[in-house]
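Residue numbers (the working numbering), protein chains in the order written: chain A, 1 to 354; chain B, 355 to 708; chain C, 709 to 1062; chain D, 1063 to 1416. For glycine and all other residues, C-beta sits at the position ideal for the given N, C-alpha and C. Just so it is clear, the structure is predicted and the values come from calculations on it, not from any experiment.
Number of protein chains: 4
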Amino acid sequence: MLLGASGWIGQHFARLLDDHPYFDSPILTGATSAGKSLGELWQLADQPVPQGLAESKIERLTPAEIARRGVEVAFSALPSGEAGAFEAELARRGVAVFSNASAHRMDPQVPLVIPEINGDHLDAIERQPWEGSIVTNSNCSTAGLVLALAPLVPLLRPKEVFVATYQALSGAGYPGVPSLSIEDNVLPFIAEEEEKMERETAKILGGFRGGRFRPLSLPVSAHCARVGSREGHLEAVTLKAGTPAKASEIVRAWEDFQPLSPRARGDRETLPTAPDHPVVYRREVDRPQPIRDRWAGTPARARGMAVSVGRLRVDREHVRFFTLSHNAVRGGAGGSVLNAELALRKGLLGGRRR
Amino acid sequence: MLLGASGWIGQHFARLLDDHPYFDSPILTGATSAGKSLGELWQLADQPVPQGLAESKIERLTPAEIARRGVEVAFSALPSGEAGAFEAELARRGVAVFSNASAHRMDPQVPLVIPEINGDHLDAIERQPWEGSIVTNSNCSTAGLVLALAPLVPLLRPKEVFVATYQALSGAGYPGVPSLSIEDNVLPFIAEEEEKMERETAKILGGFRGGRFRPLSLPVSAHCARVGSREGHLEAVTLKAGTPAKASEIVRAWEDFQPLSPRARGDRETLPTAPDHPVVYRREVDRPQPIRDRWAGTPARARGMAVSVGRLRVDREHVRFFTLSHNAVRGGAGGSVLNAELALRKGLLGGRRR
Amino acid sequence: MLLGASGWIGQHFARLLDDHPYFDSPILTGATSAGKSLGELWQLADQPVPQGLAESKIERLTPAEIARRGVEVAFSALPSGEAGAFEAELARRGVAVFSNASAHRMDPQVPLVIPEINGDHLDAIERQPWEGSIVTNSNCSTAGLVLALAPLVPLLRPKEVFVATYQALSGAGYPGVPSLSIEDNVLPFIAEEEEKMERETAKILGGFRGGRFRPLSLPVSAHCARVGSREGHLEAVTLKAGTPAKASEIVRAWEDFQPLSPRARGDRETLPTAPDHPVVYRREVDRPQPIRDRWAGTPARARGMAVSVGRLRVDREHVRFFTLSHNAVRGGAGGSVLNAELALRKGLLGGRRR
Amino acid sequence: MLLGASGWIGQHFARLLDDHPYFDSPILTGATSAGKSLGELWQLADQPVPQGLAESKIERLTPAEIARRGVEVAFSALPSGEAGAFEAELARRGVAVFSNASAHRMDPQVPLVIPEINGDHLDAIERQPWEGSIVTNSNCSTAGLVLALAPLVPLLRPKEVFVATYQALSGAGYPGVPSLSIEDNVLPFIAEEEEKMERETAKILGGFRGGRFRPLSLPVSAHCARVGSREGHLEAVTLKAGTPAKASEIVRAWEDFQPLSPRARGDRETLPTAPDHPVVYRREVDRPQPIRDRWAGTPARARGMAVSVGRLRVDREHVRFFTLSHNAVRGGAGGSVLNAELALRKGLLGGRRR
């Protein structure tokens, strides 16, 4: 089932869950839009309405009603203000919640997961105090940063990271940014965004040992700004390497990064939403670009799940590059769907559920 | 006189020189546009055609012809490829050239000047091997960075600077960036721009002693990207302070920065194009913004000459802020006009000339 | 005084009334923004905050409170839903209301005025049933159309008008159009807009005789669409002429149109906000354009009050051209300010008031 | 084979011809880009590079060289200036040319074809003086207009058509419109565009009898303007009906319009690029929109081949609606591909060729 189906991330969830091989077609919930069909309120203008859900009506349901319907897995695109209590109540009632909301991301009991990086944090589910569980995906800007960093950590042992973002309109949801605020403009402020990037990066790149999350000690210094592109967050990254490396080694680290491949995992099959290559290195002089690279990722179900990096420059201990990821897919709905797929495969959910 | 009057920076020069109190109304030159009037080829869509020059025809002139007309001061908006030889030939023939072109910026004999910061570099004119002279203004992205940094150097003794730019369309001139390249997009590459920011910053913030420029030893690590705003380059800056300071001290350093004020210079009157406050600190949470702040600067003749800074965050040794300046005014035509005004006032030009 | 000062049109009113030669600096009212200063909530990003009003606080006042303060003239930028009752109550209490709201435009007792066209409709004030009065300005799209048509009516005796609009973002106010709705898009629907253009044109171009408005019998068939420009409504107009005329005669009719000039009115002085030439004919092949022509109008106080027309094509009985006007100035706040100036000059207000 | 593969329309041709069921993978030609691969110069930023052609090199070939290679079918995306002579020479040498260029569209021997409307005009091929042939598709703006009009002609017997366009950036090709010309702007002029719409509509809707094209006598009065959307031309249409009809009848005429369906044509199978429903009526109040509707058309190979109409308003003899079509697909490359498919099926080409 899908909480908050009428928002921008909610609609990306609907797109990904329509006809998903593991999860049932979701019940759609929403607050202000209850009674409308998904087709009526569809806002992802350049994406088709998911055929299996076009006529589905948005319902307004309490946690109790949801549990009563036997829902076992819920995807949450709730606004942060509502998510905290609602998701916890669902977890208490036995539902496995996979959430895009920031409310629980920094909870000491809740894993913040990007499967290619810290899939093992999912083990924290078993120590959660609820009958169900809560697993979160990262902030939209964090995803593109940490996926580009993760393959480099063992190679470069970075001491410090500086990042400036060029974030797309859809990161603010719909209606989001007024056109008069952004036309012919850039907005150098996104509330709470820099803080999220700084603390989430440390948690995701850190370990989970002895039942506790151990954040990586890696200071991240961020500037977050909004530009006029529709989707795809671009980020300019400079890291200070503790160990020097050549550009060719860095590129190889990115291109070899395939921790979820069946071979790497000793698994029979690929997770449906996992991209074959989570990090794609672009050799062109002027890439990655939002309009060209936001939908990177193969196979088809993993479109928008790959991060594109480019413009690598290595200069003494400074390593500079740009990274780009689809804020609403890898940095949103797709992140949680992949989390749920991995949790299911790890046997942490106990079966196929809606 | 004005070299390259038909380009974007050339037209900003025309705007500023029309009715200038020190310099005669300029002869306009250009290559491909010769024979047309300035009014016909006006591209600064949101600025009125300068009334005194609307009917002036663009002429195609060689350095010899220019010198023969008795021109003493020339402003150059030539493309870099042409500027090198053309400007040197003019200088040889006795003309004082104030140039926006990058060709001579790093010459060991040519000052790269922002009057509020290194006006004393103009003294290098006297050692130049030509009867005339060449003085350059900085790259458009450099201007906003160094004006924000200069007041902080004595206070913070920065050890390193990280900057990421959000550069406006007009930085690429006209026709410049194709609309299909930038609509719904960001371009993470501008040829040579990062290198210019890195080396020009060191030269401008450095000294001029014993007849030589002594660049400041301050590593600048830049990312340059193009966004869809029309004018006004925004930049996200992080600096590593050698000496810690409080946010309030930093703000005071910016607000007290008035090295060209008549009082500070022991002068009778203000330079016409000098802004009262070269660095304006914005207290709002979401400033500076291109559309709101690009024309900062008082009095009227100094519109677009002030740099706006904001979003100051001080965190251990990291100092972060955004800076914004008008790329075509402070970072272009206005920079050279102010250079010429100061050179004239310093007696380096020998009288009022066109 | 100014009703609804915190909206887009309200802020244009504030800009025009700050330091107005006839009217006092306005008291500012608003509903949701009460307590804030105009400077804090300023949204006209490319216009400076009016200095005399920057610190003025928005107040929340009832009609009774407004009347009690001795207000004689009120400018209204109220939302249409609120304007109907509020403005009528003010008129009942003796206030002369000049309104941009659509609520009363089609009232049989309320004039809908563009001074250059139907200034005589102001005489209807004297028959209004209130101690005060209500005068309205036209819809933003209507203004550009009727000002281009009015000089042609006696010449061409048009039988029918076809118009398609390219309306700017600010026509929807702030926050108005979500950026995700318009970026890389055009919206072919603006609620009620086509109907307003059709009926308002007939009322404005009609007469006022025997105490009644006599709409011109001129069918207008409109298509209204929103595009991504910030300000300035462009319109493509085709009219079917009853009497043929040459292009040169049409241009002359536009250029000679100066009904408010002191000479034409037998007056001593110009109305402050009246443009010298209400209709400017552009000879360039690709004009008028929003970014180049929206601020047309001289002298300085009349910026944005002139309509620009161009691309005239005359083909048998079809006359085609484009017209452009500033939706928030001539088609908004400036329209009502000019109405008030004319009413005052005609002695319909009885003195200078705030 | 594909002439002019490096331009915007050329690349859409490449997209459609890669893996086409009837035509061989094309040889790619171009002038300035010879030697580069299609992948290197790919500009359709939001479309993937066609996999089968990514490595294909652009060649520079004369008509003689092309003929010598045994090419039987050529698709032309040549610039109009070059197309006239080049295409005629190819036709002389036996090649069947399907062209998007305007050069031959109004030739008395050359059909201008939209298969759903005037597929019978293809019979003109047999009377052409060349061993090969030339068939043209319409101008990008004409396509959306005539496909919306064609189903209404028998019903309404229109006497006159008024149209105003909102044309996308890609209609001007790449690099095309400079970003500084269109950002925050609308351009009310596109050279020759209005004339093309007016004369092409008459030819397409007309007959072919006795070896001559008989244009429909239907005056079209057009305004053409460029807006900032990337792809998809929107048009506001008003027609004057000779016979009145109800809105429901008009909608039915559009929805029943399926002249290429196998049943209608007495054919076994559908043409690959023909959309199931060439005209899609949108019932939403604010459609069609470029971003939502430009890719209309099923099955997958016919994406961008359907025209979307909406906002139907019927008022006395005036019928008003908006129409939208993909300028580079239905109004460009896709138009010629469908023409070639129909010509092949009609036996006018004599076999499958590249």
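7 angstroms CB neighbourhood of residue i in its chain, flanking five on each side removed
| i | result |
| --- | --- |
| A/S6 | G30, S33, L41, I58 |
Beta carbon of residue i nearer than 8 angstroms to that of residue j
| i | j | result |
| --- | --- | --- |
| D/A1210 | D/V1391 | no |
| B/P404 | B/D372 | yes |
| C/L864 | C/T909 | no |
| B/S690 | B/N539 | no |
| D/T1360 | D/D1338 | yes |
| D/L1115 | D/I1089 | no |
| A/L236 | A/A300 | Contrary to the premise, residue 236 of chain A reads as Ala rather than Leu in this sequence. Not in contact: A/A236 and A/A300 (Cβ atoms no closer than 8 angstroms). |
| C/L895 | C/R934 | yes |
| A/G132 | A/A96 | yes |
Span of the beta strand (DSSP E), counted from its first residue to its last, around residue i
| i | result |
| --- | --- |
| C/A944 | 941 to 948 |
| C/Q875 | 868 to 875 |
| C/C694 | Lying before the first or after the last residue shown, residue 694 of chain C is absent from chain C, which here runs from 709 to 1062. |
| D/D1377 | 1369 to 1377 |
| B/I488 | 487 to 490 |
| D/F1270 | 1269 to 1271 |
| B/S453 | 450 to 453 |
| C/R922 | 920 to 922 |
Residues near residue i by beta carbon distance below 8 angstroms, same chain, minus five either side
| i | result |
| --- | --- |
| C/L979 | P823, L968, L1046, E1049, L1050, R1053 |
| A/D107 | I134 |
| C/E902 | A930, H931, C932 |
| A/T142 | K196, M197, E200, T201, I204, G331 |
Nearest-angstrom Cα separation, counted from residue j out to residue i
| i | j | result |
| --- | --- | --- |
| D/G1409 | D/R1155 | 20 angstroms |
| C/V1027 | D/A1303 | 20 angstroms |
| A/R68 | A/Q258 | 40 angstroms |
| A/A296 | A/R282 | 11 angstroms |
| D/Q1105 | C/F1030 | 33 angstroms |
| D/R1276 | D/H1183 | 10 angstroms |
| A/L312 | D/F1148 | 45 angstroms |
| C/Q875 | A/T273 | 42 angstroms |
| C/G743 | C/A880 | 24 angstroms |
| D/V1135 | D/G1066 | 14 angstroms |
| D/Y1236 | D/A1107 | 11 angstroms |
| C/A1041 | C/A785 | 8 angstroms |
Cβ neighbours of residue i in the same chain (closer than 6 angstroms, five flanking residues each side left out)
| i | result |
| --- | --- |
| D/S1142 | A1163, S1164, A1165 |
| B/V531 | L523 |
| D/R1167 | L1174, T1198 |
Residue i CB to nearest heavy atom of the ligand ADP below 7 angstroms
| i | result |
| --- | --- |
| A/E131 | Among the components of this structure there are no ligands whatsoever, and the ligand ADP is therefore not found. |
Residue range of the unbroken alpha helix (DSSP H) whose run includes residue i
| i | result |
| --- | --- |
| B/H680 | Segment: none, B/H680 is in no alpha helix (DSSP H) and carries neither H nor E. |
| A/A343 | 334 to 345 |
| C/F731 | Unbroken run through C/F731: none, as it is neither H nor E. |
| C/F794 | 788 to 800 |
- What residues in the region 229 to 245 of chain A bring their beta carbon closer than 7 angstroms to a beta carbon of chain B? Considering only beta carbons, the part of the region 229 to 245 of chain A lying closer than 7 angstroms to chain B consists of S229, R230, L234, A236, T238, in chain order.
- Proximal residues, the region 516 to 528 of chain B versus chain A, C-beta separation under 7 angstroms: For the region 516 to 528 of chain B, residues whose beta-carbon sits nearer than 7 angstroms to a beta-carbon of chain A comprise F516, A518, Y520.
- Query: In chain order, what residues of the region 998 to 1020 of chain C put their CB closer than 9 angstroms to some CB of chain D?
  - Reply: Listed in sequence order: P998, I999, R1000, G1018, R1019.
- Contact residues within the region 179 to 191 of chain A, judged by C-beta distance below 7 angstroms to chain B: Those residues of the region 179 to 191 of chain A that come within reach of chain B (Cβ to Cβ, closer than 7 angstroms) are D184, N185, V186, L187, P188, F189.
- Interfacial residues, the region 43 to 68 of chain A to chain D, with Cβ spacing under 7 angstroms: Going along the region 43 to 68 of chain A in chain order, one finds A45, D46 with a Cβ nearer than 7 angstroms to chain D.
- Closer than 7 angstroms, Cβ to any Cβ of chain A: which residues of the region 560 to 576 of chain B, in chain order? Within the region 560 to 576 of chain B, those residues whose Cβ lies closer than 7 angstroms to any Cβ of chain A are, in chain order, S575.
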